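Remarks on the structure that follows.
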Amino acid sequence: MAVGDYVKINHGDIEQQATALAAMKNELEENFKRAQAQVVSLNESGAFQGLSGSSFTEEYAKWTTSITTTLQLMEQFGQHLGKTSKAFAEVDAAFSLKG
């Protein structure tokens with residue numbers, strides 16, 4: 376094998392990033408809930424009526440769908456990173472036992 380012709384995977388770094396991503400997802404979710412509560416309160420106060428009310432409802436639905444999708448994808452990607460880290464750790468352990 377030539378110099379540089381190898382694969383190097385640090386499963387610890389992958390796991391660390393999975394954990395960080397989960398924390399960021401939770402933080403984003405909490406921020407979204409706070410923002411959502413403020414927007415709902417504003418709407419319930421009667422700030423959006425008539426044409427602006429229907430426009431608000433449409434944009435609010437898009438916003439909610441978008442952030443919900445983002446949160447789901449962050450969670451899925453974090454889970455994928457966690458599984459990847461675990462798989463590489465198991466392979467490393469298996470080869471360490473053979474050595």
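Add 375 to a position in the sequence shown, counting from 1, and you land on the number used in this note's numbering. We put the beta carbon where it would ideally sit given N, CA and C, even for glycine. Nothing here was measured: the structure is a model prediction, and the numbers come from that model.
Alpha helix (DSSP H) containing residue i: first to last residue?
i, result
"residue 400", "386-419"
State the CB to CB distance for the pair residue i and residue j, rounded to an integer number of angstroms; the pair is presumed to be in contact (CB under 8 Å).
i, j, result
"residue 403", "residue 446", "7 Å"
"residue 435", "residue 466", "Contact doesn't hold; Cβ gap of about 47 Å is too wide."
"residue 463", "residue 384", "5 Å"
"residue 450", "residue 400", "6 Å"
"residue 471", "residue 386", "12 Å between Cβ atoms; not a contact."
Apart from the five residues on each side of it in sequence, which residues of its chain come closer than 7 Å, Cβ to Cβ, to residue i?
i, result
"residue 457", "390, 393"
"residue 442", "407"
"residue 418", "431"
So, for residue i: in the same chain, excluding its five sequence neighbours on each side, which residues have a beta-carbon less than 8 Å away from its beta-carbon?
i, result
"residue 411", "439"
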